[in-house]
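Engineer: Numbering (our numbering), first residue to last: 126 to 704.
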Ligand code: HC1
Ligand code: SF4
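#1: Report the option in 272, 323, 254 whose CA atom is closest to the CA atom of residue 292.
#2: Look at the Cβ atom of residue 355, then the Cβ atom of residue 484, and state whether they are nearer than 8 Å.
#3: Where residue 393 and residue 359 are concerned, what is the direct C-alpha to C-alpha distance, given to the nearest angstrom?
#4: Grab me the residues of residue 469's own chain with a C-beta within less than 6 Å of its C-beta, minus the 5 sequence neighbours each way, in chain order.
#5: Does any heavy atom of ligand 1 sit closer than 7 Å to the C-beta of residue 655?
#6: Tell me whether residue 241 is buried or exposed, calling it buried when 16 or more other Cβ atoms sit within 10 Å of its Cβ.
#7: In whole angstroms, give me the CA-to-CA distance for residue 662 and residue 397.
#8: Do residue 593 and residue 604 have their CB atoms nearer than 8 Å?
#9: Which of the three DSSP states, helix, strand or coil, is assigned to residue 131?
#10: State the beta-bridge partners of residue 225 as determined by DSSP.
#11: Rounded to the nearest angstrom, what separates residue 622 and residue 262 at their Cα positions?
#12: How far does the beta strand (DSSP E) with residue 395 in it extend, from its first residue to its last?
#13: In the DSSP assignment, find the beta strand (DSSP E) that holds residue 451 and state where it starts and stops.
#14: Say whether the stretch 428 to 444 touches the stretch 605 to 625, bearing in mind that this needs 3 or more beta-carbon pairs closer than 8 Å, one atom from each stretch.
#15: Quick check: is any heavy atom of ligand 1 less than 7 Å from the C-beta of residue 399?
#16: Give the range of the alpha helix (DSSP H) segment to which residue 146 is assigned.
#17: List in chain order: all unbroken alpha helix (DSSP H) runs of 4+ residues lying wholly within the stretch 366 to 437.
#18: Using the DSSP secondary-structure output, state which residues sit across from residue 169 in a beta bridge.
#19: In or out: residue 514 buried (at least 16 other Cβ within 10 Å) or exposed?
#20: Label residue 519 either buried or exposed according to how many other C-beta atoms from any shown protein chain fall within 10 Å of its C-beta, with 16 as the threshold for buried.
#21: Cβ of residue 659 within 8 Å of Cβ of residue 376?
#22: If you check the beta carbons only, do residue 156 and residue 254 fall under 8 Å apart?
#23: According to DSSP, residue 266 sits in a beta bridge with which residue or residues?
#24: Excluding five sequence neighbours on each side, which residues of the same chain lie with their C-beta closer than 7 Å to the C-beta of residue 373?
#25: By DSSP, does residue 535 sit in helix, in strand, or in coil?
#26: Could you confirm whether any beta carbon from chain C is found closer than 8 Å to the beta carbon of residue 427?
#27: Give me the residue from 163, 209, 426, 428 with the minimum Cα distance to residue 176.
#28: Quick check: residue 627 and residue 412, are their CB atoms within less than 8 Å of each other?
#29: Pick helix, strand or coil for residue 623, following the three-state DSSP scheme.
#30: Does the beta-carbon distance from residue 543 to residue 428 come in below 8 Å?
#31: Using the Cα positions of residue 203 and residue 298, report the straight-line distance between them to the nearest angstrom.
#32: For residue 477, which of helix, strand or coil comes out of DSSP?
#33: Can you give me the start and stop residues for the alpha helix (DSSP H) that residue 594 sits inside?
#34: For residue 694, which of helix, strand or coil comes out of DSSP?
#35: Note down the Cα distance separating residue 576 from residue 496, rounded to an integer number of angstroms.
#36: Could you check which residue in 163, 201, 159 has the C-alpha nearest to that of residue 134?
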């Protein structure tokens, strides 16, 4: 242990501790910008580049960046004397000298670390005038890159390269010209970006933001000629409340439905209903492949991989194109909801497909891109018109001046609002495969499960595995969340080392609860665990917890689809993948 003094307080820390962490231990807050600590993910990004966290260390000529300066025995540190404050202000002013002044209309305004530290430091005038960066704004279907606002903290680079192993973003050029960009400064859309949005989630400024569809939604809701229906993803209800000061893990399903109804949606439905539908299709595909595999059919590929996460689909299309016949062909729940709404529900409502607008509320930014994929359109009309993120919904509720906390608890509309507990847990890592196991077990064995809780499949470790006993047949299941972890499982499959029958993959750490469109969690895994616990609570409270018992799903097959994996199901609910 090492003893030192910070702001006249004695502190004892293990060797190797940084001044920033030692200060935290005694409740001294030092502002940071480029520094990022992602709890359980094991990532500590401390390039010491921005210099906003400088402190004075007695006996040293220069101020030290506290995020990457280690404590030493007897050190005397001052984190807030006027020399330090003056230096931080100068650093901030220099950063702002090459930053556009469009705070009033910036998407990040009010939620921007650069802005809040500038306010805290009381920066009122800028003494440095110099050249301003003028990069072309890069608009992709999910993410907007405005590099004039980049402060070169390189958090996005760490997220994209170290956690996601995508490598779409890295620093290019030198000096004033340096910027974080895809290779050859190409547009994000032309790069290997998966649109997972994890870079957006850690960007401290408005350099990386989601493509905002709120204004389009406002226009559609105000148009009396349009029937606007909405579906809400499982993970949204477990995090939306945080935007209104509620504790992480507070379930706000009823208030969310109420808010959506007050915003003017004609019907408020649940993506969880479509998640139940996904289980019917994907589960049937799993059992079919399994049966053929057990019969010795060499053409059948196992493991089957889940296919509901669009960033994950992008990832394997870019990085593992040779393996694109392994994932399930089932569309994601978002994309199953669309064709059922526009082909089945529209008929029930007596309206034409073209007059229906299907909107989704998603924790994810890749869902925006997924809506635009050509295979999910009919004559140019998307099955799901567009998607807005949890953060965008929260902003819209705030724009409408609604008292979210005071809203009553409403129920979803039917027929596409009824879901089972299995549909709910899709939103957390392990949930999709647990939902599939509940149905596949009962269909395969013909027996009723004693307990539907497959606790061995739950947890937050990046790669997990468990064997589920299908009445004497051991089914090996793998789970990965975060694309770096997915890569490891895929490389094992490619090398012939995988023993799994089925694997669930979600691109974002934690699954959808940690999606790039959720309220920012700053890598705090305790927040992710609380959101996951909320979904398991909602599952436990449901009268029906197995997808194949959802009465509206049963009715949908009776009235419309025939049976799982029928010809019509294949036409509407399945897809194919591209190189
Ligand atoms: Fe997800 Fe899914 S769980 S992908 O994370 O399969 O986004 O929440 O909606 O489509 O249901 C996201 C969440 C979501 C789909 C479902
Ligand atoms: Fe990388 Fe994901 Fe950001 Fe794309 S969205 S640049 S894959 S972190």
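Just so it is clear, CB atoms sit at the ideal spot from N, CA and C, and this is done for glycine as well.
Structural biologist: In terms of the structure at hand:
#1: In the chain shown, counting from the first residue as 1, residue 292 sits at position 167. Here the closest residue by C-alpha is 323.
#2: Reading the chain shown from its first residue, position 230 is the one you call residue 355. Reading the chain shown from its first residue, position 359 is the one you call residue 484. Yes, these two residues count as a Cβ contact at 8 Å.
#3: Taking the chain shown and counting its residues from 1, the one referred to as residue 393 is at position 268. Taking the chain shown and counting its residues from 1, the one referred to as residue 359 is at position 234. In a straight line, the C-alpha of residue 393 is about 14 Å away from that of residue 359.
#4: Position 344 of the chain shown, counting from 1, holds the residue named residue 469. 685, listed in sequence order.
#5: Position 530 of the chain shown holds residue 655. For ligand 1, not one heavy atom lies less than 7 Å from the Cβ of residue 655.
#6: Your numbering for residue 241 matches position 116 in the chain shown. Label assigned to residue 241: exposed.
#7: Position 537 of the chain shown, counted from the start, is the residue given in the question as residue 662. Position 272 of the chain shown, counted from the start, is the residue given in the question as residue 397. Taking the straight line from one Cα to the other gives about 15 Å.
#8: Your numbering for residue 593 matches position 468 in the chain shown. Your numbering for residue 604 matches position 479 in the chain shown. Taking 8 Å as the Cβ cut-off, residue 593 and residue 604 do not qualify as a contacting pair.
#9: The residue you call residue 131 lines up with position 6 of the chain shown. Strand at residue 131.
#10: Residue mapping note: residue 225 aligns to position 100 of the chain shown, counting from 1. In the DSSP output, where bridge partners are listed per residue, residue 225 has none listed.
#11: By 1-based counting over the chain shown, the position of residue 622 is 497. By 1-based counting over the chain shown, the position of residue 262 is 137. Taking the straight line from one Cα to the other gives about 44 Å.
#12: By 1-based counting over the chain shown, the position of residue 395 is 270. Residue 395 -> beta strand (DSSP E) spans 392 to 395.
#13: Reading the chain shown from its first residue, position 326 is the one you call residue 451. Counting along the chain, residue 451 falls outside any beta strand (DSSP E), and DSSP gives it neither H nor E.
#14: yes
#15: One-based indexing of the chain shown puts residue 399 at position 274. Yes; taking the cut-off as 7 Å, the Cβ of residue 399 has a heavy atom of ligand 1 nearer than that.
#16: Here the question's residue 146 lines up with position 21 in the chain shown. 144 to 150 is the span of the alpha helix (DSSP H), which, as asked, contains residue 146.
#17: 378 to 388, 396 to 419
#18: Locating residue 169 in the chain shown gives position 44, where the first residue counts as 1. Paired residue(s): 162.
#19: For the purposes of this step, residue 514 is identified with residue 389 of the chain shown, where counting begins at 1. Per the 10 Å Cβ criterion, buried.
#20: Here residue 519 is taken as the residue at index 394 of the chain shown, counted from 1. Residue 519 is buried by the Cβ-count criterion.
#21: For the purposes of this step, residue 659 is taken as residue 534 along the chain shown, with counting starting at 1. For the purposes of this step, residue 376 is taken as residue 251 along the chain shown, with counting starting at 1. Result yes, Cβ atoms of residue 659 and residue 376 sit closer than 8 Å.
#22: Your numbering for residue 156 matches position 31 in the chain shown. Your numbering for residue 254 matches position 129 in the chain shown. Cβ distance not < 8 Å, so residue 156 and residue 254 don't count as in contact.
#23: On the chain shown, residue 266 is found 141 positions in, with the first residue counted as 1. In DSSP, residue 266 forms no bridge with anything.
#24: Your numbering for residue 373 matches position 248 in the chain shown. For residue 373, where only same-chain residues beyond five positions count, the Cβ hits under 7 Å are 367, 652, 655, 656.
#25: Here residue 535 is taken as the residue at index 410 of the chain shown, counted from 1. Of the three classes helix, strand and coil, the one that applies to residue 535 here is coil, per DSSP.
#26: No chain C is present in this structure, which holds just one protein chain.
#27: Sequence index remark: in the chain shown, residue 176 carries index 51 (1-based). Nearest C-alpha to residue 176: 209.
#28: Numbered from its first residue, the chain shown carries residue 627 at position 502. Numbered from its first residue, the chain shown carries residue 412 at position 287. Going by C-beta atoms, residue 627 is not nearer than 8 Å to residue 412.
#29: If you number the chain shown from 1, residue 623 lands on position 498. It is coil, neither helix nor strand.
#30: For the purposes of this step, residue 543 is identified with residue 418 of the chain shown, where counting begins at 1. For the purposes of this step, residue 428 is identified with residue 303 of the chain shown, where counting begins at 1. Taking 8 Å as the Cβ cut-off, residue 543 and residue 428 do not qualify as a contacting pair.
#31: Locating residue 203 in the chain shown gives position 78, counting from the first residue. Locating residue 298 in the chain shown gives position 173, counting from the first residue. Taking the straight line joining both Cα atoms gives about 36 Å.
#32: Counting from 1 along the chain shown, the entry for residue 477 is found at position 352. Coil at residue 477, not helix or strand.
#33: Taking the first residue of the chain shown as 1, we reach residue 594 at position 469. Segment 588 to 595 is the beta strand (DSSP E) holding residue 594; no alpha helix (DSSP H) there.
#34: The residue you call residue 694 lines up with position 569 of the chain shown. Here residue 694 sits in helix by DSSP.
#35: By 1-based counting over the chain shown, the position of residue 576 is 451. By 1-based counting over the chain shown, the position of residue 496 is 371. Each residue's alpha carbon lies about 36 Å from the other.
#36: In the chain shown, counting from the first residue as 1, residue 134 sits at position 9. Comparing Cα positions, the closest option is 201.
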